[in-house]
Amino acid sequence: MSRNIVKILDKGFSDISAGDKMLISSPEKISEFIFKIPKGSYLSIKELRRELALKAGADNTCPVTTGIFLRMAIEQNKDDVNFPTGELLMKNTL
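At position 32 of the sequence shown (counting the first as 1) the number is 31 in numbering that gives the first Met the number 0, and the numbers step up by one without a gap.
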C-alpha cells in the first residue's frame, strides 16, 4: 500500500480526537518524507506524524501504523547511506 488513507474518527484514539481526520500512511510515503529531511535537521516522531498529516489534508497520523511503517521504512533503506535515520528523534516522541 503506497497511498495515503484518511479516516474520520468516530471515537478519540491516542492523541487524536473524535471527529478528527486521521491519516494512515505507508512505508513508502514515510520513506519519501524522511529522505526530504535536511541533513542536520531533526524531527521528532510526533512532528513527523503531524507533518505527514498536514501534507495529506488530515489532522494527525495514526501513531500505531506510523511506528510500524517507520520501522519498515528504516529496514527497507538500511543499506542506503543517504537514508537520514539520524535526523529522527525517537525517544519519548510517539
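Quick reminder that beta carbons are idealized off the backbone N, C-alpha and C, glycines included. Please read these numbers as outputs of a predicted model, since none were measured by experiment.
When C-alpha distances from residue 77 are compared across 48, 58, 33, 49, the shortest belongs to 33. Around the beta-carbon of residue 26, 16 or more other beta-carbon atoms lie within 10 Å, marking it buried. Boundaries of the beta strand (DSSP E) harbouring residue 7: 4 to 7, taken from the DSSP string. Rounded to the nearest angstrom, the Cβ distance from residue 55 to residue 5 is 6 angstroms, consistent with a contact under 8 angstroms.
Residue 24 and residue 3 do touch by the CB rule: their CB atoms are close to 6 angstroms apart, below 8 angstroms.
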